[in-house]
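S.K.: Before we start, here is the structure in question, set down as structure tokens.
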Amino acid sequence: MQSTVIARPVNTAMGKRRKLSPESVWDYEAVLKAFEAVGAAAIHVPRMYSHLVKHPGSSWHDVPEFPKAAIAALDAGFALHTTTVLEVQRSRDGSTTKLLVRLQDGLQVEAVVMEYDNTARYSGTEEPPPTPQQLPEPELGTGDDDGQHEQEQTTAQQQQRTQQQQQQQDDDDDDDEAEYFDAVCSLGEALGGRKKHVGGRRSTLCVSSEVGCAMGCTFCATGTMGFTADLTAGEIVEQLVHARGVSTIRNVVFMGMGEPLNNYEAVRSAVHMMTDSRFFALRRRKVTVSTVGVIPRLLQMADDMPGVSLALSLHAPTQELRQTIVPSAKAFKLDRLMAALDEYQRRTKLRVFVEYVMLGPDVNCTTAHAHQLGALLRGKDLLVNLIPWNPILSPSMAFAAPEEGATAAFHRILRYEYAVNCTIRAEKGQDISGACGQLVLEHGGRVASGDGTGGSTAGGTGGACSSGGGKLADVEDLLAAPPGVKQQAAAVVVG
Numbered sequence: 001m002q003s004t005v006i007a008r009p010v011n012t013a014m015g016k017r018r019k020l021s022p023e024s025v026w027d028y029e030a031v032l033k034a035f036e037a038v039g040a041a042a043i044h045v046p047r048m049y050s051h052l053v054k055h056p057g058s059s060w061h062d063v064p065e066f067p068k069a070a071i072a073a074l075d076a077g078f079a080l081h082t083t084t085v086l087e088v089q090r091s092r093d094g095s096t097t098k099l100l101v102r103l104q105d106g107l108q109v110e111a112v113v114m115e116y117d118n119t120a121r122y123s124g125t126e127e128p129p130p131t132p133q134q135l136p137e138p139e140l141g142t143g144d145d146d147g148q149h150e151q152e153q154t155t156a157q158q159q160q161r162t163q164q165q166q167q168q169q170d171d172d173d174d175d176d177e178a179e180y181f182d183a184v185c186s187l188g189e190a191l192g193g194r195k196k197h198v199g200g201r202r203s204t205l206c207v208s209s210e211v212g213c214a215m216g217c218t219f220c221a222t223g224t225m226g227f228t229a230d231l232t233a234g235e236i237v238e239q240l241v242h243a244r245g246v247s248t249i250r251n252v253v254f255m256g257m258g259e260p261l262n263n264y265e266a267v268r269s270a271v272h273m274m275t276d277s278r279f280f281a282l283r284r285r286k287v288t289v290s291t292v293g294v295i296p297r298l299l300q301m302a303d304d305m306p307g308v309s310l311a312l313s314l315h316a317p318t319q320e321l322r323q324t325i326v327p328s329a330k331a332f333k334l335d336r337l338m339a340a341l342d343e344y345q346r347r348t349k350l351r352v353f354v355e356y357v358m359l360g361p362d363v364n365c366t367t368a369h370a371h372q373l374g375a376l377l378r379g380k381d382l383l384v385n386l387i388p389w390n391p392i393l394s395p396s397m398a399f400a401a402p403e404e405g406a407t408a409a410f411h412r413i414l415r416y417e418y419a420v421n422c423t424i425r426a427e428k429g430q431d432i433s434g435a436c437g438q439l440v441l442e443h444g445g446r447v448a449s450g451d452g453t454g455g456s457t458a459g460g461t462g463g464a465c466s467s468g469g470g471k472l473a474d475v476e477d478l479l480a481a482p483p484g485v486k487q488q489a490a491a492v493v494v495g
């Protein structure tokens, strides 16, 4: 049975309208409005966030000299957490941790933490990532790094922050490339080698931006679920708050459930919270937003989220093939998408990461496809990430893993005949099928439930940071049924 797909090029009223009560205190714009309503000075908002980030588990009641009006406003309409972690699974090697997160209205999403330990290569000349208590105390202010609000900082404090950020993160721009690969893939030494990151233990968090997805990618179990609801900015940030209890997070990838650019305003607000030096202080290049190519929002992102990394889920070298694999491509033609990509790079001067799921036996992974893709991408400042498809136990998925050697041959053609930088995704978290959606399945598959007791059943989701076979995955990756789950429960097509 084929899934019914509705392309949603921009955020609309599709799906479930959600109004949280109480709201998340991690929703910056909602908190700012609440302060304005009671006459509390906006300068106290970053003070509060600085305290909450540096002192996990504390509340606004613990912020020194915090205005009574602000406390009353927060007590009346906000909660420190509107989401709860229902279950935690950790891989045997400790590299991957999955969090099943229940939203206030009973919906469920997952976040995945992937940990990397390079202490064996640590030279001793760089500082490891800071603990929350080691982050610099910001000067009181009312704005973020992008100039949306005014900031008041002394020169000495600005210099201190710059020095701390340089120590705790990259040595240079080349290392940004290494960090991206460590965040969402691993390039084998035999496949071209890249500069190895040096710097001890660090972690990447994969977050969800929606419950379900409207893009309907034919190989993606999240796509078969259909779209249910957008997450609020606070709910997205709360995934980071929960993950910081697992590890010190240095990278965030929007590659969980949902199409981030279809929930644009919430994602934009969450990204600003994550990257504001007064709050979580993640470097912008350490935050990656993955999209199938929502063209108007992609260009808006270039202006609204400067410095944030972009990953394009491409999956086919021609328009005809792509629209059969990614139905939303009918609304966003490949020639327009490539033109938009050129314009995005003209505005941002940033390298873009391209994700390509290899679908067998010969759907999009033959040598002919490799030559077509090479011709399409040649000369562009891109990094292509080849993702061998991991079969899901479901009769609704008529794909297979690429034939042995096909992925390596595809890689060689791109890299050596067309000079397209290319990598093959490696494995992590294999024993726990480290993917967004697996725990939802194990809890009965209820992803949409107003009261937390029922809802639509989804036997698995794409939108994963690693798939059932252990491949680090993105919003379109598949997952295999976890141990003990019957085959017929592995995927349910909506339509």
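Counting along the sequence shown from 1, when you hit position 446 you're at 446 in full-length UniProt numbering, and nothing is skipped either side.
Virtual Cβ for every residue (Gly too), placed ideally from N, Cα, C.
Could you tell me which residues DSSP pairs with residue 89 in its beta bridges?
M.R.: Position 89 of the sequence shown, counting from 1, holds the residue named residue 89. Per DSSP, 98.
S.K.: DSSP beta-bridge partners for residue 64?
M.R.: What you label residue 64 is simply residue 64 of the sequence shown in a count that begins at 1. The partner list for residue 64 (beta bridge, DSSP) is empty, contrary to what the question assumes.
S.K.: Between the Cα of residue 86 and those of 108, 74 and 34, spot the shortest distance and give me the residue it belongs to.
M.R.: Counting from one through the sequence shown, the residue named residue 86 turns up at place 86. Here the closest residue by C-alpha is 108.
S.K.: Could you say which of 382, 345 and 66 lies nearest to residue 35 if we only look at CA atoms?
M.R.: Taking the first residue of the sequence shown as position 1, residue 35 is located at position 35. Comparing Cα-Cα distances from residue 35 to each of 382, 345 and 66, the minimum goes to 66.
S.K.: Return the CA-CA distance between residue 68 and residue 38, expressed in angstroms with no decimal places.
M.R.: Locating residue 68 in the sequence shown gives position 68, where the first residue counts as 1. Locating residue 38 in the sequence shown gives position 38, where the first residue counts as 1. So the alpha carbons of these two residues sit roughly 10 angstroms apart.
S.K.: Give me, in chain order, the residues of the same chain whose beta-carbon lies closer than 7 angstroms to that of residue 49; leave out the 5 immediate sequence neighbours on both sides.
M.R.: Counting from one through the sequence shown, the residue named residue 49 turns up at place 49. For residue 49, where only same-chain residues beyond five positions count, the Cβ hits under 7 angstroms are 278 and 279.
S.K.: Can you give me the C-alpha to C-alpha distance between residue 25 and residue 234, rounded to a whole angstrom?
M.R.: Within the sequence shown, numbered from 1, the residue matching residue 25 stands at position 25. Within the sequence shown, numbered from 1, the residue matching residue 234 stands at position 234. Cα-Cα distance, rounded: 7 angstroms.
S.K.: Where do the N-terminal and C-terminal ends of the beta strand (DSSP E) with residue 358 fall, by residue?
M.R.: In the sequence shown, counting from the first residue as 1, residue 358 sits at position 358. That run of the beta strand (DSSP E) goes 352-358.
S.K.: Quick check: the Cα distance between residue 92 and residue 246, rounded to an integer number of angstroms?
M.R.: For the purposes of this step, residue 92 is taken as the residue at position 92 of the sequence shown. For the purposes of this step, residue 246 is taken as the residue at position 246 of the sequence shown. One C-alpha to the other measures close to 15 angstroms.
S.K.: The beta strand (DSSP E) with residue 253 in it runs from where to where?
M.R.: Taking the first residue of the sequence shown as 1, we reach residue 253 at position 253. Element bounds for residue 253: 249-254.
S.K.: Go to residue 50, then tell me how far its alpha helix (DSSP H) extends in each direction, as first and last residue.
M.R.: Position 50 of the sequence shown holds residue 50. Taken as a continuous stretch (DSSP letters only), the alpha helix (DSSP H) holding residue 50 covers 44-54.
S.K.: Please work out which residues of its chain come closer than 6 angstroms, Cβ to Cβ, to residue 115, disregarding the five sequence neighbours upstream and downstream, and give them in chain order.
M.R.: Residue numbering aside, residue 115 sits at position 115 when the sequence shown is read from its first letter. For residue 115, where only same-chain residues beyond five positions count, the Cβ hits under 6 angstroms are 95, 203 and 247.
S.K.: Note down, in chain order, each residue of its chain lying with its Cβ closer than 6 angstroms to the Cβ of residue 84, except the 5 sequence neighbours on either side.
M.R.: Translated into the one-based positions of the sequence shown, residue 84 becomes position 84. So the list reads 102, once near-sequence residues are dropped.
S.K.: Using a Cβ-Cβ cutoff of less than 6 angstroms, which residues in the same chain neighbour residue 212 once the five nearest sequence positions on both sides are dropped?
M.R.: Counting from 1 along the sequence shown, the entry for residue 212 is found at position 212. Once the five neighbours on either side are set aside, the close Cβ partners of residue 212 are 225, 226, 227 and 228.
S.K.: Closest by CA to residue 422, which one among 255, 293, 403 and 356?
M.R.: To locate residue 422, count along the sequence shown from 1; it is residue 422. The option with the nearest alpha carbon to residue 422 is 356.
S.K.: Measure how close the beta-carbons of residue 420 and residue 374 come, nearest whole angstrom, since I'm counting them as under 8 angstroms.
M.R.: The residue labelled residue 420 in the question sits at position 420 within the sequence shown. The residue labelled residue 374 in the question sits at position 374 within the sequence shown. Contact holds; Cβ gap of about 6 angstroms.
S.K.: Which residue or residues does DSSP assign as beta-bridge partners of residue 385?
M.R.: As a working note, residue 385 is residue 385 in the sequence shown. In the DSSP output, where bridge partners are listed per residue, residue 385 has 355 and 423.
S.K.: Is it buried or exposed, residue 258, if we count other Cβ atoms within 10 angstroms and call 16 or more buried?
M.R.: The residue given as residue 258 occupies position 258 in the sequence shown. With 16 or more Cβ atoms within 10 Å of its Cβ, residue 258 is classed as buried.
S.K.: Kindly indicate the opening and closing residues of the beta strand (DSSP E) around residue 312.
M.R.: In the sequence shown, the residue the question calls residue 312 occupies position 312. Here the beta strand (DSSP E) through residue 312 covers 309-313.
S.K.: For residue 554 and residue 205, I'd like the C-alpha separation in whole angstroms.
M.R.: Residue 554 lies beyond the stretch modelled for the chain, which goes from 1 to 495, so this question has no answer here.
S.K.: Counting along the chain, where does the alpha helix (DSSP H) carrying residue 410 start and finish?
M.R.: For the purposes of this step, residue 410 is taken as the residue at position 410 of the sequence shown. Note, residue 410: alpha helix (DSSP H), 406-412.
S.K.: Beta-carbon separation of residue 380 and residue 335 under 9 angstroms?
M.R.: By one-based count along the sequence shown, residue 380 stands at place 380. By one-based count along the sequence shown, residue 335 stands at place 335. Against a cut-off of 9 angstroms, the Cβ pair of residue 335 and residue 380 comes out as no contact.
S.K.: Check whether the Cβ atoms of residue 321 and residue 291 sit closer than 9 angstroms, and answer yes or no.
M.R.: One-based indexing of the sequence shown puts residue 321 at position 321. One-based indexing of the sequence shown puts residue 291 at position 291. Cβ distance not < 9 angstroms, so residue 321 and residue 291 don't count as in contact.
S.K.: Excluding the 5 residues preceding and the 5 following residue 329 in the sequence, name in chain order all residues of the same chain whose CB lies nearer than 6 angstroms to its CB.
M.R.: Residue mapping note: residue 329 aligns to position 329 of the sequence shown, counting from 1. Taken in chain order, the residues that qualify are 322 and 323.
S.K.: Which residues in the same chain as residue 287 place their Cβ atom closer than 7 angstroms to its Cβ, once the five residues preceding and following it in sequence are excluded?
M.R.: For the purposes of this step, residue 287 is identified with residue 287 of the sequence shown, where counting begins at 1. Around residue 287: 252, 271, 274, 275, 308 and 309.
S.K.: Buried or exposed: which applies to residue 64, given that a residue is buried once 16 or more other Cβ atoms fall within 10 Å of its Cβ?
M.R.: Working through the sequence shown from its first residue, we reach residue 64 at position 64. Per the 10 Å Cβ criterion, exposed.
S.K.: Give, in chain order, every unbroken run of the beta strand (DSSP E) that is at least 3 residues long and sits entirely within the stretch 198-280.
M.R.: Segments of the beta strand (DSSP E) lying fully in the stretch 198-280: 200-206, 210-212, 227-230 and 249-254.
S.K.: Would you please state the rounded distance, in angstroms, between the beta carbons of residue 361 and residue 302? I believe it to be under 8 angstroms.
M.R.: Taking the first residue of the sequence shown as position 1, residue 361 is located at position 361. Taking the first residue of the sequence shown as position 1, residue 302 is located at position 302. Residue 361 to residue 302, Cβ: 38 angstroms. No contact.
S.K.: Any idea what DSSP makes of residue 345, helix, strand or coil?
M.R.: Mapped onto the sequence shown, residue 345 falls at position 345. DSSP places residue 345 in helix when its eight states are reduced to three.
S.K.: Please state the DSSP three-state secondary structure of residue 38.
M.R.: As a working mapping, residue 38 is identified with position 38 in the sequence shown. In the structure shown, residue 38 sits in a helix (DSSP, three-state: H, G or I).
S.K.: By the 10 Å Cβ neighbour count, where 16 or more other Cβ atoms means buried, how is residue 98 classified, buried or exposed?
M.R.: Numbered from 1 along the sequence shown, position 98 holds the residue referred to as residue 98. Buried is the call here.
S.K.: For residue 416, which three-state DSSP category applies?
M.R.: Within the sequence shown, the letter at position 416 stands for residue 416. Here residue 416 sits in helix by DSSP.
S.K.: Just to confirm before moving on: does the CB-CB distance between residue 74 and residue 31 stay below 9 angstroms?
M.R.: Position 74 of the sequence shown, counting from 1, holds the residue named residue 74. Position 31 of the sequence shown, counting from 1, holds the residue named residue 31. A contact, by the Cβ cut-off of 9 angstroms.
S.K.: Which residues does DSSP list as the beta-bridge partners of residue 515?
M.R.: Shown here, the chain extends from 1 to 495; a query on residue 515 therefore has no answer.
S.K.: Going by beta carbon distance, what residues of the same chain come within less than 6 angstroms of residue 454, once the five residues before and after it are set aside?
M.R.: Your numbering for residue 454 matches position 454 in the sequence shown. Because the pLDDT of residue 454 is 35, which lies under 50, any placement of that residue in the model is unreliable, and the number read from its coordinates should be weighed accordingly. Closer than 6 angstroms at the Cβ level, and outside the excluded window around residue 454, lies no residue.
S.K.: Of all the CB atoms in chain D, is at least one closer than 9 angstroms to the CB of residue 25?
M.R.: Reference to chain D is not applicable here, since this structure consists of a single protein chain.
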